[in-house]
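Q: Numbering (our numbering), first residue to last: 840 to 1509. Quick reminder that beta carbons are idealized off the backbone N, C-alpha and C, glycines included. Since we're looking at a predicted model, the values are computed, not measured. Before anything else, here's the structure in question.
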């Protein structure tokens, strides 16, 4: 008898004899949202979820997380996909298993608190499009930010899962702020709000096994709703934590299919299924179905995204997260921003500064958007502060936080930092204490008027209202008003595999065969020289634009650098939009080339790579030194760039929505 047949018989006997249990552990799969968000910056496309959708519907998951978090932003900004369409499409394939989404409470799926009218409309439309479970969290655990969205969730008849963002200020649970009483009291608050289930949301993988046991046991002894555990693998603690949570009676646990598991993602489902086999918490899942799904992921889907994975780190765990408590997505953002600014050598300084900034800002949990708020402000401090002054460049979001627009922090914000942040703040210099949305004007009707003639329905209008700059650009792509750039278009599996083969040849130092490249043309008199930075090395490259796309005609190391790989001497490079990004979050639209200062005067330059959100001044306007002239978004946080001198605006060199590189001249003051 062959091994293959023996395996089939064993499986058949195993299925026949497997007892049903009274209290099986429920599993929510997060592969299609948090899995690819954690590993490759939410770049997973809907078309790559369809091949596994029907099989995943047969597993028996309590729910499948398909939406929310960063998907709404990334889909329309980087993938040229309508976020609303993903729900509707997947619903045609997944018909039995409920859909779950991650809702940032009053933040919705953005990075600030939105007005009540927009928040209500968003939840209504998410439910109408097919969402079943709203996993709702607030970055500050301030449940006043639940007061608008929760009644709408209840009205739509969907499931309200209330989250407690897990964080600590020391290596283990305890201390004056985040202790067991804190989490039990938060669970009581959620029960009183009508939570159908309660989730402990451990976004950085910080919760230790015995701490999880104590918290879950205490919560289950205190409240009635089922308890759900969400813990990332980052530190390596999560699989052990899962088992202790099961012992404590946890009802639901989050996992990923194994190709999307581990590193900064979640533990894999398959080992947990086998660990509980034959126990009183047996999931009842068929490991054969899971294996079939994994085969599709491995062979048909993951090769498209391999270039986005950070394969420079050998270890799949990062125990440093236990020291700096930086969630994986936040960490990749920090590394990417430093790399784009040629300041990666400052990473250790950032880790040293980060807990100081977090303490200054009220010991807030590090989860979207507060993780970005703390992280980007930390980078600003490291790069722009000096021995005479801290917080020289304060982001708009830090100012909003200090004003109270995000809610109440666990401990008071440092009064000196708060005072500096609110100096000249447009809403006032005295922070608020009320529910944040109470000071926000309705915004949906205004957005509907602004996008009239382009938006086709309420879903388009909501998308624009949440993301005015990138949302408008997407709607122009969607309705054929503008041609989407190549970098947002889908790539086939064949293209991905061919590119991967070329990358492997280059890494091996092998010359790419001439049959795989076009004949190299003669160099013209118009060739221009550029410095190109690749994996920390700099090459001087000649670019000749005759006849269309730039063609590398020569490549030689800048003095002091290592020689170019042999393949680089002869291979026509892939378009810049297909090249491997420095980190997953770097797979963004290409920056506009530096614009020369067309007018004489003092240039206002970009202190970091980013996207122009808006200009506060027009050509001809008078400005005073220190006035904000342009709002620059960097890593989803906004920076008000001040005028370095007083004078008159002579030139604006970019438009809203343009991406710019560091030191680009954004405008000129004369």
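Can you tell me which of 1174, 1449, 1238, 1442 puts its alpha carbon nearest to the alpha carbon of residue 1464?
A: The sequence position of residue 1464 within the chain shown is 625, counting from 1. Closest by alpha carbon: 1442.
Q: Who are the near neighbours of residue 983 in its chain, counting only those whose CB is closer than 6 Å to its CB and skipping five residues on each side?
A: Sequence index remark: in the chain shown, residue 983 carries index 144 (1-based). Hits under 6 Å: 1274.
Q: Who are the Cβ neighbours of residue 1312 in its own chain at under 7 Å, not counting the five residues just before and after it?
A: Counting from 1 along the chain shown, the entry for residue 1312 is found at position 473. Counting only Cβ-Cβ distances below 7 Å, and skipping sequence neighbours, we find 1496.
Q: Which two residues bound the contiguous beta strand (DSSP E) that contains residue 1093?
A: Numbered from 1 along the chain shown, position 254 holds the residue referred to as residue 1093. Note, residue 1093: beta strand (DSSP E), 1091-1094.
Q: In the DSSP assignment, what residue or residues form a beta bridge with residue 1491?
A: Walking along the chain shown from the start, residue 1491 turns up at place 652. Note: residue 1491 sits in a beta bridge opposite 1506.
Q: Using only the alpha-carbon positions, how far apart do residue 867 and residue 1501 sit?
A: Position 28 of the chain shown, counting from 1, holds the residue named residue 867. Position 662 of the chain shown, counting from 1, holds the residue named residue 1501. Cα to Cα, residue 867 sits roughly 42 Å from residue 1501.
Q: DSSP beta-bridge partners for residue 1210?
A: For the purposes of this step, residue 1210 is taken as the residue at position 371 of the chain shown. None; residue 1210 has no bridge partner.
Q: Around the C-beta of residue 1421, are 16 or more other C-beta atoms found within 10 angstroms, so that it is buried, or is it exposed?
A: Within the chain shown, the letter at position 582 stands for residue 1421. Confidence at residue 1421 is low in this model, with a pLDDT of 34, below 50, so the placement of that residue should be treated as unreliable; the coordinate-derived value is given next. When all chains shown are included, residue 1421 counts as buried.
Q: For residue 1480, which three-state DSSP category applies?
A: Taking the first residue of the chain shown as position 1, residue 1480 is located at position 641. Looking at residue 1480 - three-state DSSP - the assignment turns out to be strand.
Q: Closer than 8 Å is the cut-off here; do at least three beta carbon pairs connect the segment 1296-1312 with the segment 945-953?
A: yes
Q: Exposed or buried, which one is residue 1227 when buried takes at least 16 other CB atoms within 10 Å?
A: In the chain shown, counting from the first residue as 1, residue 1227 sits at position 388. That one is exposed.
Q: Please work out which residues of its chain come closer than 8 Å, Cβ to Cβ, to residue 1011, disregarding the five sequence neighbours upstream and downstream, and give them in chain order.
A: Looking up residue 1011 in the chain shown gives position 172. Closer than 8 Å at Cβ, skipping near neighbours: 1047, 1050.
Q: Round the Cβ separation of residue 1438 and residue 1489 to the nearest angstrom and send it over; I've been treating them as touching at under 8 Å.
A: Here residue 1438 is taken as the residue at index 599 of the chain shown, counted from 1. Here residue 1489 is taken as the residue at index 650 of the chain shown, counted from 1. Between residue 1489 and residue 1438 the Cβ distance is about 4 Å, and since that is below 8 Å, they are a contact.
Q: Between residue 1243 and residue 1215, is the Cβ-Cβ spacing less than 8 Å?
A: As a position in the chain shown, residue 1243 is number 404, starting the count at 1. As a position in the chain shown, residue 1215 is number 376, starting the count at 1. Going by C-beta atoms, residue 1243 is not nearer than 8 Å to residue 1215.
Q: Under 6 Å Cβ to Cβ from residue 1231, same chain only, skipping five residues before and after it: list those, please.
A: The residue labelled residue 1231 in the question sits at position 392 within the chain shown. Result list for residue 1231: 1223, 1224, in chain order.
Q: Secondary structure at residue 1105, three-state DSSP: helix, strand or coil?
A: Along the chain shown, one-based indexing puts residue 1105 at 266. The answer is coil: DSSP assigns residue 1105 none of H, G, I, E or B.
Q: Could you check what DSSP says for residue 938 in three-state terms: helix, strand or coil?
A: Against the chain shown, residue 938 aligns to sequence position 99. Note: residue 938 maps to strand in three-state DSSP.
Q: Under 7 Å Cβ to Cβ from residue 865, same chain only, skipping five residues before and after it: list those, please.
A: Your numbering for residue 865 matches position 26 in the chain shown. For residue 865, where only same-chain residues beyond five positions count, the Cβ hits under 7 Å are 901, 1090, 1091.
Q: In three-state terms, what does DSSP make of residue 1273?
A: The count along the chain shown starts at 1 and reaches residue 1273 at position 434. Residue state, collapsed to three classes: coil.
Q: May I ask you to list the residues that DSSP assigns as paired with residue 1004?
A: Start at 1 with the first residue of the chain shown, and residue 1004 comes out as number 165. Beta bridge pairing from DSSP links residue 1004 with 1040.
Q: Going straight from the alpha carbon of residue 1107 to that of residue 1073, what length do you get?
A: If you number the chain shown from 1, residue 1107 lands on position 268. If you number the chain shown from 1, residue 1073 lands on position 234. Each residue's alpha carbon lies about 13 Å from the other.
Q: Measure the CB-CB distance between residue 1314 and residue 878 and report whether it falls below 8 Å.
A: Against the chain shown, residue 1314 aligns to sequence position 475. Against the chain shown, residue 878 aligns to sequence position 39. No, these two residues do not count as a Cβ contact at 8 Å.
Q: Considering residue 1514, what are the terminal residues of the beta strand (DSSP E) in which it resides?
A: What is shown of the chain runs 840 to 1509, which leaves residue 1514 out entirely.
Q: Quick one: is residue 1513 buried, meaning 16 or more other Cβ sit within 10 Å of its Cβ, or exposed?
A: This structure cannot speak to residue 1513, because the chain is shown only from 840 to 1509.
Q: According to DSSP, is residue 957 helix, strand or coil?
A: Position 118 of the chain shown, counting from 1, holds the residue named residue 957. Helix at residue 957.
Q: So what's residue 1068 in DSSP terms, helix, strand or just coil?
A: The residue given as residue 1068 occupies position 229 in the chain shown. Of the three classes helix, strand and coil, the one that applies to residue 1068 here is strand, per DSSP.
Q: Can you give me the start and stop residues for the alpha helix (DSSP H) that residue 1512 sits inside?
A: Past the edges of the chain, shown from 840 to 1509, lies residue 1512, and the structure says nothing about it.
Q: At what residues does the alpha helix (DSSP H) containing residue 1310 begin and finish?
A: Indexing the chain shown from 1 puts residue 1310 at position 471. Run containing residue 1310: 1307-1317, per the alpha helix (DSSP H) assignment.
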